[in-house]
Every structure is written in C-alpha cells, then in structure tokens.
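S.K.: The numbering of the sequence shown is UniProt numbering, which starts it at 1 and goes up by one. C-beta: ideal position from N, C-alpha, C; glycine also. This one's a predicted model, so the numbers in the text were calculated from it and none came from an experiment.
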Amino acid sequence: MTVTDEPREQPFPAASPTVRWRRRRTQLTARINEAVQRAKVLIGADLEVEPLDASNPGQAAEVIASLTWLAIERLREQRPGRAATVGMCELVCDLQRLSLELHDHEMATRTRRIAAVESGLSSLRAISDTSDLLDRVCKELVRSGGFGRALLSRVEDGVWSPWVGHFSDAMPGWFDAWIDTRIPLGDMVLETQLLTEHRPALVHDTSAPEVHQITRDGLSGSYVVAPVMPAGNVVGFLHADHHPSGRRCDEADRDVLWAFAEGFGHIYERTVLLQGVRAQREELRDLMSDVDQAMQQLSESEIELALQPASGSVVTRTAVSVLTTMSAKMEELTPREAEVLALMVAGAKNGAIAEKLVITEGTVKSHVKHILRKLGAVNRSQAIAHYLGVSHDDLDRA
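1. Measuring alpha carbon to alpha carbon, tell me which of Glu-62, Gly-263, Ala-150, Asp-104 ends up nearest Gly-120.
2. Identify whether Pro-335 lies in helix, strand or coil by the three-state DSSP scheme.
3. Which of helix, strand or coil does DSSP assign to Ala-201?
4. Residues bridged to His-166 by DSSP?
5. Is it buried or exposed, Pro-227, if we count other Cβ atoms within 10 angstroms and call 16 or more buried?
6. Measure how close the beta-carbons of Leu-372 and Ala-383 come, nearest whole angstrom, since I'm counting them as under 8 Å.
7. So, for Ala-377: in the same chain, excluding its five sequence neighbours on each side, which residues have a beta-carbon less than 7 Å away from its beta-carbon?
8. For Ala-201 and Asp-180, what's the separation of their Cα atoms in angstroms?
9. Buried or exposed, going by whether 16 or more other CB atoms sit within 10 Å of the CB of Ala-65?
10. Thinking C-alpha only, which one of Ile-43, Ala-126, Thr-109 is nearest Thr-85?
11. If I measure Cβ to Cβ from Leu-133 and keep anything under 8 Å in the same chain, skipping five residues before and after, which residues do I get?
12. So, using beta-carbon positions, are Gly-173 and Arg-281 closer together than 9 Å?
13. Less than 9 Å between the C-beta atoms of residue 399 and Glu-156, yes or no?
14. Closest by CA to Arg-24, which one among Arg-38, Asp-135, His-105?
15. Can you tell me the Cβ-Cβ gap for Phe-147 and Asp-217, rounded? I've got them flagged as a contact below 8 Å.
16. Once DSSP output is grouped into helix, strand and coil, what is the label at Ile-371?
17. Below 8 Å on the Cβ atoms is my guess for Val-364 versus Ala-354; work out the distance and round it to an integer in Å.
18. The beta strand (DSSP E) that contains Asp-176, what's its start and end?
19. Among the candidates Leu-298, Asp-253, Glu-77, whose CA atom is the shortest distance from the CA of Val-117?
20. Please list, in chain order, all residues of the same chain as Cys-89 whose beta carbon is under 8 Å from its beta carbon, the five residues on each side excluded.
21. Which residue's Cα is closest to the Cα of Leu-273: Ala-35, Asp-129, Gln-213?
22. Please identify the residue among Asn-350, Leu-343, Gly-362, Ala-338 whose C-alpha is closest to the C-alpha of Leu-375.
23. Starting from the C-beta of Asn-233, find all residues in its chain whose C-beta is less than 8 Å away, skip the five residues before and the five after it, and write them out in chain order.
24. If you follow the beta strand (DSSP E) that Val-228 is in, where does it begin and where does it stop?
25. My output table needs one value for Glu-210: the three-state DSSP class, helix, strand or coil.
26. So if DSSP puts Val-159 in a beta bridge, which residue, or which two residues, is it bridged to?
27. Please name the residue, chosen from Gln-275, Phe-175, Trp-69, that lies closest to Ala-352 on a Cα-to-Cα basis.
28. Which partner residues does His-242 have in the DSSP bridge list?
29. For Leu-95 versus Leu-67, is the C-beta distance shorter than 9 Å?
30. Give the straight-line distance between the Cα atoms of His-370 and Lys-349, rounded to the nearest whole angstrom.
31. Can you tell me which residues form a DSSP beta bridge with Phe-237?
32. Arg-113 and Gly-145 - do their beta-carbons sit closer together than 9 Å?
33. Output the boundary residues of the alpha helix (DSSP H) element that contains Lys-349.
34. Roughly how many whole angstroms lie between the Cα atoms of Leu-98 and Leu-70?
35. With a CB to CB cut of under 8 Å and the five nearest residues on each side skipped, what residues in its chain are close to Arg-154?
Here you go:
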C-alpha cells in the first residue's frame with residue numbers, strides 16, 4: 001500500500017465560539033455549586049442556597065456575593081477555631097477568584113455578542129429597499145444577537161402594533177392573532193416609558209400588571225425591549241427573548257439588543273433617504289423628459305414675427321391671472337397637505353411619506369386625493385408641476 005492509499009485520520013472540528021462559551025459557563029457553574037456545598041459545611045447546615053442554573057447568568061454573581069458576605073461575617077462574629085478559620089479564608093479567596101473569572105467571562109461574552117451584532121448590521125446595510133430590510137431585521141437579530149426569537153412592532157399615534165417576527169422554533173400560532181393589533185400605550189403598559197426615556201428595558205417578572213398580555217400568550221419568562229428611533233423619533237419597538245430554551249434574559253441581553261436597535265434605526269433612516277433620492281431622481285428624469293420633448297417641439301415649429309405684447313394687454317393679464325390662480329390654489333392646502341406635497345416633489349412614494357410623517361399609507365392616499373382636487377391636477381406629476389410653477393399643458397402648447 002502506498003502512502004497515498006493509507007486512510008487519513010480526520011480530527012474533530014474545533015468547537016464554535018458559542019459552544020466554547022456554553023462549555024465555559026457550565027464549568028463555572030459547576031465550580032460555584034461546589035463552593036456552595038463547602039460553604040454549607042463551614043458556615044452552617046441551615047444555609048439555604050438554590051442550585052445554580054446555567055441559564056440564569058445573574059444568579060451566579062448574586063450567590064457569590066452573598067456567600068462571601070456570610071463567610072466574612074461568620075469570621076468576624078464567631079471567631080471559629082484555627083482549622084475552621086483557615087477553611088473559611090480559603091473559601092472567601094476561592095469565591096473572589098470565581099467572581100473575577102465569572103466577570104471576565106461575562107465581559108468576553110458581551111464583547112463577542114456585540115461584535116456579532118455589528119457584523120449582522122453590516123449585512124443589513126447592503127439592503128437597498130425598506131420592505132426587504134424590515135423582512136430581514138428580526139431574523140438577523142436572532143442570528144447575530146444570540147436570541148431565540150425577536151419581534152418588531154410599529155408605533156404610531158400612541159398605539160403599539162406587533163408587525164413581524166422571527167422564531168427559531170418556527171412561527172407559533174399565538175403570534176398570528178396579534179399581528180397588526182392596536183395596543184394603546186397607556187400608563188399601565190411598560191413600553192410607554194420607552195417613548196419618553198429613549199432607553200432599553202429588561203423585564204424579569206412577566207406576570208406584572210404593566211406587562212401586556214401578548215407576552216404571557218407567548219410564554220415568555222423574561223424579555224428585553226428597545227425603541228427603534230430613526231432621526232430621534234420612536235417609530236417602533238424590538239422585543240427579544242431566549243424562548244424556547246428557558247434561559248432568562250440579563251443585562252447583557254439588554255445591552256446587545258440596544259446596540260442592535262440603535263444601529264438598525266440609523267440603517268433604516270439611511271435606507272429611507274436613499275430610496276427617496278432614487279424616487280426623486282426618477283421623478284426628475286420624467287420631468288426633464290417632458291421638458292426635452294417640449295423643447296424639441298418648439299425647435300421644430302415655425303417661427304413667426306410678432307410684436308411684444310404691451311403692458312396690460314390680454315396676453316399679459318392672462319399670464320398674471322394664471323400665476324395668481326396657482327398661488328391661491330396652493331394657499332388652500334392645509335399644513336399637513338403641504339408637507340405631503342413637498343415630499344411628493346422630493347420623490348417620496350406613499351410608503352416613504354407615511355414613515356416620514358408617522359402616519360398610515362391610507363392617510364397619505366387621502367391627503368394626495370385632496371391635494372389633486374384642490375390644485376385641479378389629474379395625477380401626481382401635474383400636482384408637482386403646479387408646485388414648481390410649471391404647467392404641463394403650457395409645455396405641450398409650446
């Protein structure tokens with residue numbers, strides 16, 4: 001048998017960062033549980049400490065701090081014998097060492113997750129359409145943020161409406177019933193605080209009265225929520241948890257979600273602006289095409305000698321009358337209709353106008369109808385021409 005014919009040993013692939021992180025967490029949890037058993041022997045059998053749960057990161061730090069305080073107090077008050085004193089001091093040192101290792105582990109994990117979020121946001125920056133961006137955001141949050149599921153909601157006129165979600169265990173039926181449900185953001189709804197405080201929140205007690213029923217329907221034991229704020233205005237919420245794993249959310253989850261929500265807000269604002277610029281470019285291209293066609297007709301028409309109309313003639317009075325009429329029509333528009341018309345001139349479509357003014361697309365369509373009626377225009381292009389002081393009919397007659 002030649003060397004090339006010999007079977008080659010295939011080593012096991014290296015563990016992924018997530019697997020290594022979970023393995024390290026399990027090891028630390030086992031060591032802390034061992035320290036708890038030592039503490040029960042040294043401090044007293046009446047010491048009651050629940051076994052640590054690796055899915056609850058905050059519990060470990062609390063247990064270490066409590067055991068350290070109890071051991072130091074026992075040394076100070078009872079002054080046990082030499083052997084017990086040595087054992088107690090060793091326990092305190094081991095607990096402090098575990099505390100430092102746990103802190104380093106949590107910081108490294110948080111740094112790794114924030115880096116993963118930045119990578120996920122980079123992939124979202126490549127999306128040029130707002131609809132595609134909204135379809136991808138929850139999936140990317142679950143993938144890069146290390147969550148089990150995520151939910152994006154819209155906020156409009158003091159109402160919170162669940163919109164889209166991504167679930168690692170497939171789309172459950174409970175969420176379908178909540179899509180587009182209008183939830184008033186009153187005093188008894190926790191998410192109301194996010195509108196004014198502009199900060200994320202960590203919720204451990206989902207049975208609290210200020211936690212909405214949608215959370216209990218989703219069987220969430222704890223969750224994190226952050227506002228989405230393009231241009232500084234809250235237009236939505238991002239909710240996330242670790243369902244169905246049972247792992248409880250902690251401060252690291254809150255910080256990770258906040259980093260993602262802030263980045264997504266900037267990306268969404270940028271995408272809306274770029275989409276508006278592209279639409280405006282298309283509108284300008286259409287207008288320039290009309291002007292070019294009119295100029296072409298003008299250059300091909302016959303030139304006739306004519307006297308310049310005198311001041312006050314019928315022609316002059318007609319021009320002044322047209323300008324005055326157009327100005328009067330513009331003044332008939334309400335402030336909101338004027339804002340909608342200005343965005344139409346900028347090239348924004350109904351969806352972009354709705355996002356910019358924080359209103360529904362149905363409201364935008366209603367405003368557009370009123371604008372066309374008041375300006376005497378039959379379509380959007382003609383309304384834009386009125387706004388710019390240009391008449392398509394005049395161009396055609398030229």
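M.R.: Put simply:
1. Here the closest residue by C-alpha is Gly-263.
2. DSSP places Pro-335 in helix when its eight states are reduced to three.
3. In this structure, Ala-201 counts as strand in the three-state DSSP scheme.
4. For His-166, which the question treats as bridged, DSSP gives the partners Ala-150.
5. Here Pro-227 is buried, its C-beta having at least 16 other C-beta atoms within 10 Å.
6. About 6 Å; that satisfies the 8 Å criterion.
7. Residues Ala-383, His-386 of the same chain have their beta carbon placed closer than 7 Å to that of Ala-377, with the five preceding and five following residues left out of the count.
8. Roughly 23 Å separates the two Cα atoms.
9. By the neighbour-count rule (16 or more Cβ atoms within 10 Å), Ala-65 is not buried but exposed.
10. Closest by alpha carbon: Ile-43.
11. Excluding sequence neighbours, Leu-133 sits near Leu-124, Ile-127, Ile-267, Tyr-268, Thr-271.
12. Cβ atoms of Gly-173 and Arg-281: not closer than 9 Å.
13. With the chain running from 1 to 398 in the structure shown, residue 399 is simply not present.
14. When only C-alpha atoms are compared, the closest one is His-105.
15. Wrong, their Cβ atoms sit about 18 Å apart, outside the cutoff.
16. In the three-state reduction of the DSSP assignment, Ile-371 falls in the helix class.
17. The pair is a contact, with the Cβ atoms about 5 Å apart (cut-off 8 Å).
18. It is not in any beta strand (DSSP E) - Asp-176 instead sits in the alpha helix (DSSP H) that spans 173-176.
19. Of the listed residues, the one whose Cα sits closest to Val-117 is Asp-253.
20. Excluding sequence positions up to five before and after Cys-89, its CB lies within less than 8 Å of the CB of Leu-75, all in the same chain and listed in chain order.
21. Among Ala-35, Asp-129, Gln-213, the Cα nearest to that of Leu-273 is on Asp-129.
22. The candidate whose alpha carbon is nearest that of Leu-375 is Ala-338.
23. The answer, listed in chain order, is Val-358.
24. Unbroken beta strand (DSSP E) run through Val-228: 223-228.
25. For Glu-210, the three-state secondary structure derived from DSSP is coil.
26. Under DSSP, Val-159 takes part in a beta bridge, and its partners are Glu-156, Pro-184.
27. Checked all of Gln-275, Phe-175, Trp-69; the closest Cα to Ala-352 is Gln-275.
28. Per DSSP, His-242 has no beta-bridge partner at all.
29. Yes, these two residues count as a Cβ contact at 9 Å.
30. Between the alpha carbons of His-370 and Lys-349 lies a distance of about 16 Å.
31. According to DSSP, Phe-237 bridges with Ser-153, Pro-227.
32. Contact: yes.
33. Unbroken run through Lys-349: none, as it is neither H nor E.
34. C-alpha separation (whole angstroms): 16 Å.
35. Excluding sequence neighbours, Arg-154 sits near Trp-160, Ser-161, Trp-163, Val-235, Gly-236.
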